[in-house]
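Sequential numbering of the sequence shown, starting at 4, is according to our numbering.
Every residue, glycine too, gets a C-beta built ideally from N, C-alpha and C.
Being a predicted model, the structure only gives us computed values, none of them experimental.
Only one structure is covered here, and it is reproduced in the block below.
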Amino acid sequence: MARRWTNDLTRHDVTPEHLYLNRRTLLATGGVLAAGAAWPAQAQTDELEPNSWEEITSYNNFYEFGTGKTDPKENAGQLTTSPWSIEINGMVDKPGTYAFDDILAQMDIEERIYRLRCVEAWSMVIPWRGFELADLIALAGPKPDAEFVAFQTLLRSEEMPGQNYPILDWPYVEGLRMDEAMHPLTIMATGLYDKPLPNQNGAPMRLVVPWKYGFKSIKSIVRITLTDQMPETTWNKSGPEEYGFYANVNPNVDHPRWSQATERRVGGGLFSRRIDTQLFNGYDEVASLYEGMDLETNY
Ligand code: MTE
């Protein structure tokens, strides 16, 4: 818990810099509007604001509650999220079951405004509340030879109706390399705006890794395992050619069935248009984690 990332991301920082500069140029030179039509200024203004509570909580992916975007909101209300505990095991000095309330009491909760970019090419800007995953891992005392972190979602088909169907191999699992997990941008989210996390967004606690595609952000976590083996991940098991372990946001590496070069902001309104997707979703500070790696083979 020594080294903390300062939360200096503002609503301006979540905007790719070139768009922000373009907007200022547009405003300064007014005449460009005639050439570029009215939409760029509108779209870029929207880009500075987080999505609304309504947008963030009613357009979701949470296949345990159905595959439609509105299914999680409709079906997740029945999930019991209290009491809740997380098992932390594997290569740690203090393996055990940690009660969610005890974890919360020990963590520094702060707001992080992050972009979330999904493979289906939509994105949102979300004001999460949460704490750094590194601080949670530190509680359990990671052993120095741990290389990866594996995560598992709750398996409870009575409350998660999607688990009664073989849409995915349940329970949902994900993984990160240890340095990705310990990076100060990686958080466990426990809230949205100033409220506890709604069930459809992964209550009571879900991962958020802002430079990776949304599917890495596993919801309603019940187990964290430190290991020296690269963990299995649900979407990689379901479609290995389409979903790799790394899943870094990368406009230069297309999904086999669609381009990943652009995205559309959810709730952009009438003037919504596609914006360029940024490498690492614009979070350049993580680039050093992948130095020397071929990001086309490690997709
Ligand atoms: N976690 C679980 N357990 N089950 C899921 O189906 N969907 C993932 C991820 N986490 C998913 C999950 C995908 S594909 C995305 S895009 C994000 O959750 C969506 O998060 P949001 O609904 O909070 O926007």
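Query raised in the report: With burial defined as no fewer than 16 other Cβ atoms inside 10 Å of the residue's Cβ, what is the status of arginine 115: buried or exposed?
Result: As a working mapping, residue 115 is identified with position 112 in the sequence shown. Answer is buried; the Cβ neighbour count reaches 16.
Query raised in the report: In its own chain, which residues sit with a C-beta less than 6 Å from the C-beta of aspartate 297, not counting the 5 before and 5 after it?
Result: On the sequence shown, position 294 is the one that residue 297 refers to. If we look at aspartate 297 and ignore the five residues flanking it on each side, it has no Cβ neighbours.
Query raised in the report: Is the beta carbon of isoleucine 190 less than 8 Å from the beta carbon of leucine 157?
Result: Residue mapping note: residue 190 aligns to position 187 of the sequence shown, counting from 1. Residue mapping note: residue 157 aligns to position 154 of the sequence shown, counting from 1. No, the Cβ-Cβ distance between isoleucine 190 and leucine 157 is not below 8 Å.
Query raised in the report: Are valine 211 and glycine 133 closer than 8 Å when you measure CB to CB?
Result: Taking the sequence shown and counting its residues from 1, the one referred to as residue 211 is at position 208. Taking the sequence shown and counting its residues from 1, the one referred to as residue 133 is at position 130. In this structure, valine 211 places its C-beta atom within 8 Å of the C-beta atom of glycine 133.
Report task. Give every residue of the same chain whose Cβ lies closer than 6 Å to the Cβ of histidine 186, excluding the five residues on either side of it in the sequence, and list them in chain order. Result -> On the sequence shown, position 183 is the one that residue 186 refers to. None.
Query - alanine 153: first and last residue of the uninterrupted beta strand (DSSP E) it sits in - result: Reading the sequence shown from its first residue, position 150 is the one you call residue 153. Segment 151–156, the beta strand (DSSP E) holding alanine 153.
Query raised in the report: Looking at glycine 247 and tyrosine 302, is the spacing between their C-beta atoms short of 8 Å?
Result: Position 299 of the sequence shown holds residue 302. Position 244 of the sequence shown holds residue 247. Contact flag set, yes.
Query raised in the report: So what does serine 126 bridge to, in DSSP terms?
Result: The residue given as residue 126 occupies position 123 in the sequence shown. Per DSSP, Arg120, Arg268.
Query raised in the report: So what does DSSP say about tryptophan 214, is it helix, strand or coil?
Result: Against the sequence shown, residue 214 aligns to sequence position 211. Note: tryptophan 214 maps to coil in three-state DSSP.
Query - beta-carbon phenylalanine 218 near ligand 1 non-hydrogen atom, thresh 7 Å - result: One-based indexing of the sequence shown puts residue 218 at position 215. Phenylalanine 218: yes, Cβ under 7 Å from ligand 1.
Report task. Would you mind reading off the limits of the beta strand (DSSP E) that contains methionine 191? Result -> Taking the sequence shown and counting its residues from 1, one reaches residue 191 at position 188. Methionine 191 -> beta strand (DSSP E) spans 190–195.
**Report entry** Simplified DSSP state of serine 241, which is helix, strand or coil
**Finding:** Working through the sequence shown from its first residue, we reach residue 241 at position 238. Helix, per DSSP.
Query raised in the report: Tell me, which residues are paired with isoleucine 106 by DSSP?
Result: Taking the sequence shown and counting its residues from 1, one reaches residue 106 at position 103. In the DSSP output, where bridge partners are listed per residue, isoleucine 106 has none listed.
Requested in this report: Tell me whether the beta-carbon of arginine 120 lies closer than 8 Å to the beta-carbon of tyrosine 216.
Outcome: What you label residue 120 is simply residue 117 of the sequence shown in a count that begins at 1. What you label residue 216 is simply residue 213 of the sequence shown in a count that begins at 1. Result yes, Cβ atoms of arginine 120 and tyrosine 216 sit closer than 8 Å.
Query raised in the report: Are the beta-carbon atoms of asparagine 204 and valine 252 separated by less than 8 Å?
Result: Here residue 204 refers to the residue found at position 201 when the sequence shown is read from its first residue. Here residue 252 refers to the residue found at position 249 when the sequence shown is read from its first residue. No; because the gap between Cβ atoms is not below 8 Å, this pair is not in contact.
Query raised in the report: Of all the options Ile227, Thr236, Ser241, Tyr66, which has the alpha carbon lying nearest to the alpha carbon of alanine 79?
Result: The count along the sequence shown starts at 1 and reaches residue 79 at position 76. Looking at the Cα atoms, Tyr66 is the closest of the given residues.
Report task. Assign proline 243 to buried or exposed, taking buried as 16 or more other Cβ atoms, counted over all protein chains shown, within 10 Å of its Cβ. Result -> Residue 243 sits at position 240 when you count from the first residue of the sequence shown. Proline 243 is exposed by the Cβ-count criterion.
Report task. Could you check what DSSP says for aspartate 96 in three-state terms: helix, strand or coil? Result -> Position 93 of the sequence shown, counted from the first residue, corresponds to residue 96. Coil, per DSSP.
**Report entry** Of the residues Glu183, Trp131, Asp138, Glu245, the one placed nearest valine 152, counting alpha carbons only
**Finding:** To locate residue 152, count along the sequence shown from 1; it is residue 149. With distances taken between Cα atoms, valine 152 lies closest to Glu183.
Query raised in the report: Run through DSSP, which three-state label would isoleucine 112 get?
Result: Start at 1 with the first residue of the sequence shown, and residue 112 comes out as number 109. Correct three-state label for isoleucine 112: coil.
Query raised in the report: Does the distance from the C-beta atom of serine 55 to that of glycine 270 stay below 8 Å?
Result: Sequence index remark: in the sequence shown, residue 55 carries index 52 (1-based). Sequence index remark: in the sequence shown, residue 270 carries index 267 (1-based). Contact flag set, yes.
Report task. Mind checking which residues open and close the beta strand (DSSP E) that includes isoleucine 278? Result -> The count along the sequence shown starts at 1 and reaches residue 278 at position 275. Here the beta strand (DSSP E) through isoleucine 278 covers 277–279.
Query raised in the report: Nearest-angstrom Cα distance between alanine 143 and glutamate 90?
Result: Stepping through the sequence shown from its first residue, residue 143 is reached at position 140. Stepping through the sequence shown from its first residue, residue 90 is reached at position 87. Going by the C-alpha atoms only, they are around 10 Å apart.
Query raised in the report: Can you give the Cα-Cα distance for threonine 300 and arginine 260, rounded to whole angstroms?
Result: Along the sequence shown, read from residue 1 onward, the residue named residue 300 stands at position 297. Along the sequence shown, read from residue 1 onward, the residue named residue 260 stands at position 257. Between threonine 300 and arginine 260, the C-alpha separation is close to 17 Å.
Query raised in the report: Residues in its own chain within less than 7 Å of lysine 76 by CB, not counting five upstream and five downstream?
Result: If you number the sequence shown from 1, residue 76 lands on position 73. Thr60, Ser61, Asn63, Gln203.
Query raised in the report: Thinking C-beta only, is isoleucine 221 closer than 8 Å to arginine 209?
Result: For the purposes of this step, residue 209 is taken as the residue at position 206 of the sequence shown. For the purposes of this step, residue 221 is taken as the residue at position 218 of the sequence shown. Yes; because the gap between Cβ atoms is below 8 Å, this pair is in contact.
Query raised in the report: By DSSP, does asparagine 54 sit in helix, in strand, or in coil?
Result: In the sequence shown, the residue the question calls residue 54 occupies position 51. The answer is coil: DSSP assigns asparagine 54 none of H, G, I, E or B.
Report task. Determine the burial state of lysine 219: buried for a count of at least 16 other Cβ atoms within 10 Å of its Cβ, exposed for fewer. Result -> As a working mapping, residue 219 is identified with position 216 in the sequence shown. With 16 or more other Cβ atoms within 10 Å, it is buried.
Query raised in the report: Comparing the CB of glutamate 245 with every heavy atom of ligand 1, is any distance shorter than 7 Å?
Result: Looking up residue 245 in the sequence shown gives position 242. No; taking the cut-off as 7 Å, the Cβ of glutamate 245 has no heavy atom of ligand 1 nearer than that.
Report task. Evaluate threonine 236 with the Cβ neighbour count: other Cβ atoms within 10 Å of its Cβ, from every protein chain shown; 16 or more gives buried, anything less gives exposed. Result -> Position 233 of the sequence shown, counted from the first residue, corresponds to residue 236. Buried, because 16 or more other Cβ atoms sit within 10 Å of the Cβ of threonine 236.
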